[in-house]
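Notes for the one structure printed next.
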Amino acid sequence: MSCKCPLCDKETTSVGTLFLHLINIHDDRHERWLESYCSENNINFGELLANRVKGVKNANKPLTDILRRDYCK
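Quick note, in the UniProt record's numbering, the sequence shown goes up one by one and the last residue is 73.
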């Protein structure tokens with residue numbers, strides 16, 4: 001599987017790596033885009049981040065499923 005960042009065209013080999021790129025790049029543009037993308041897809045961005053910090057299993061799944069659909073082939 002190949003995935004591409006919608007902002008900087010960075011290619012990754014999995015949706016998980018794309019998610020990590022978007023969440024860990026520490027770039028305001030990526031963070032704002034990800035927060036907006038979550039909102040458009042009815043995902044609570046704050047809750048997603050909180051669950052990641054808590055180590056909730058599969059916390060990223062709702063978002064990665066949508067990212068896979070939209071940005072991976």
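Beta carbons: idealized from backbone N, C-alpha and C, even for Gly.
For S39, the uninterrupted alpha helix (DSSP H) segment begins and ends at D28 to E40. Boundaries of the alpha helix (DSSP H) harbouring G46: F45 to K54, taken from the DSSP string. Rounded to the nearest angstrom, the Cβ distance from C5 to L22 is 7 Å, consistent with a contact under 8 Å. The beta carbon of F19 is closer than 8 Å to those of N60, L63, T64 and L67 in its chain, skipping five residues each way along the sequence. Between H30 and L7, the beta carbon gap of about 6 Å places them in contact (Cβ cut-off 8 Å).
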